[in-house]
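Numbering (this note's numbering), first residue to last: 195 to 611.
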Amino acid sequence: MTTSHSHLQETDPAVAEAIAGEERRQENNLEMIASENHVSEAVLEAQGSVMTNKYAEGYPGERYYGGCEHMDTVENLAIDRAKQLYGAEHVNVQPHSGTQANMGVYFSVLEPGDRILSLDLNHGGHLSHGHHVNFSGQLYDVEQYGVDPDTGYIDYDAVAAQAVEFDPDMIVSGSSAYPREFDFERLSEIADEVGAYHLADIAHVTGLVAAGVHVNPVGDADFVTGSTHKTIRAGRGGMIMTTDEHAEAVDKAIFPGGQGGPLMHNIAGKAVGFGEALEPEFVDYAEQVVANAKTLADVFTDAGMAPVSGGTDKHLLLLDLRESHPDLTGEEAEDALDDVGITVNKNTVPGETRSPFVTSGIRVGTPALTTRGFDDDDMATVGELIVERLNNPDDPDVAASVQDEVDHLCAKNPVYE
Ligand code: DSN
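Shown next as structure tokens:
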């Protein structure tokens with residue numbers, strides 16, 4: 195990848211320098227935010243293309259503007275490739291984000307005041323699943339399910355009982371910090387029993403599902419939403435998958451219901467990334483993402499920092515620091531790691547007692563490091579560095595030695611050659 199940005203450097207050095215700084219930061223830090231990844235240069239090229247100039251309200255073959263023939267080509271490519279990856283009958287690739295995708299689903303079949311049953315944010319859920327600070331919690335009547343405090347797993351019998359009691363119009367599954375696979379089939383059965391729709395939000399695991407290393411809810415859930423830039427490493431944004439039955443309602447809810455012109459440069463990036471995910475090497479990547487997360491879980495467990503639920507089935511771990519590091523908040527842990535070039539995010543945990551700005555935990559993910567080539571041995575070293583730093587957050591000698599090792603790992607596994 196070019197790092198010069200020569201034209202921008204001339205016309206707008208302030209922005210050029212910020213972009214160059216971010217390139218250096220990504221290259222020289224261990225990016226372990228579970229929702230982030232490093233896309234290919236091909237995806238970057240598509241996203242930075244003239245596709246950004248074009249308005250294309252409507253859908254392929256049915257646009258409200260002229261000159262959309264190339265927009266139709268990339269949008270159809272993105273749709274067809276997503277259908278191949280997930281086996282969906284209908285795909286909408288226009289949502290600007292995962293939250294917009296969820297909004298599109300809600301708007302397609304729910305009325306304000308309808309009832310949603312979803313996973314609590316502190317137990318790994320997402321703001322757009324009905325949190326009171328989000329439109330979803332303001333427009334709908336929301337109840338939430340949680341994880342069993344003893345096991346850290348969702349208790350599906352408890353969810354079934356709650357569903358009978360609450361009588362929701364929609365059950366939402368999927369998460370941003372629940373480290374275990376969902377039993378999508380069981381949730382669809384529960385939804386059927388109470389006459390509710392089932393929305394499975396696979397935002398974090400779109401890549402793992404595409405590669406077949408995580409269960410696919412398409413075919414069980416009425417609606418499946420996802421982000422397109424996390425584990426799937428495609429252009430930034432969201433998508434909705436559904437059956438032919440709900441296709442028209444979903445498309446109308448996205449445009450004109452919830453959005454204006456689609457972000458065609460991002461849709462071009464989605465098409466490119468989906469094409470890459472159809473290649474056999476993508477399965478190797480996804481398998482390594484999960485293997486790396488399991489390696490981290492073993493290192494943390496051996497160090498007395500057992501992750502919530504005892505491990506992971508996917509690309510992320512949630513560490514509740516209250517027992518292992520009672521004097522360290524999630525915020526302090528995030529800062530301590532940031533100081534030595536390891537980027538994670540503070541995260542609320544089941545039974546959280548602190549504010550979302552402070553928290554008692556951190557979330558740690560492997561998609562981005564796996565993209566830059568980290569294998570099991572590298573990941574074991576990363577886990578040991580995290581333990582070392584969190585055990586000695588005020589020791590400058592430890593900080594210096596961890597930083598040295600981070601520098602070495604980054605140099606050995608460059609993001610962009
Ligand atoms: N911001 C994303 C995450 O980190 O999980 C969710 O939207």
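By construction, the Cβ of each residue, glycine as well, lies at the ideal position given by its N, Cα and C atoms.
Any non-hydrogen atom of ligand 1 within 7 Å of residue i CB
i, result
"Ala-397", "yes"
"His-290", "no"
"Ser-200", "no"
"His-320", "yes"
"Ser-312", "no"
"Ser-229", "yes"
"Ser-549", "no"
"Ser-330", "no"
"Ser-370", "yes"
Minimum Cβ-Cβ distance from residue i to chain B less than 8 Å
i, result
"Glu-379", "Looking at the structure shown, chain B is missing, and only one protein chain is on hand."
Burial state of residue i, where buried means 16 or more other Cβ atoms lie within 10 Å
i, result
"Ala-487", "buried"
"Thr-197", "A caution first: Thr-197 carries a pLDDT of 48, below 50, which makes its placement in the model unreliable, though a value can still be read off. Thr-197 comes out exposed."
"Lys-606", "exposed"
"Gly-298", "buried"
"Met-195", "With a pLDDT of 49 at Met-195, under the threshold of 50, the modelled position of this residue cannot be trusted, and the question is left open."
"Gln-356", "buried"
"Asn-222", "exposed"
"Glu-517", "exposed"
"Val-341", "buried"
"Glu-546", "buried"
"Ser-382", "buried"
Distance CB(residue i)-CB(residue j) smaller than 8 Å
i, j, result
"Thr-575", "Val-483", "no"
"Tyr-391", "Asp-363", "yes"
"Asn-270", "His-423", "no"
"Thr-419", "Leu-393", "yes"
"Thr-437", "His-201", "no"
"Gly-155", "Ala-250", "Because the chain is modelled from 195 through 611, residue 155 falls outside the range shown and cannot be assessed."
"His-408", "Lys-508", "yes"
"Arg-613", "Asp-335", "The first residue shown for the chain is 195 and the last is 611, placing residue 613 beyond what the model contains."
"Leu-510", "Val-558", "yes"
"Leu-584", "Leu-512", "no"
"Val-353", "Ser-312", "no"
"Gly-535", "Ala-471", "no"
"Phe-494", "Ala-500", "yes"
"Ser-229", "Arg-374", "no"
"Pro-289", "Gly-431", "yes"
"Met-573", "Leu-490", "yes"
"Leu-321", "Val-327", "yes"
"Ala-371", "Phe-476", "no"
"Asn-286", "Asp-416", "no"
"Val-592", "Leu-224", "no"
At least three beta-carbon pairs within less than 8 Å, the region 264–282 to the region 295–303: no
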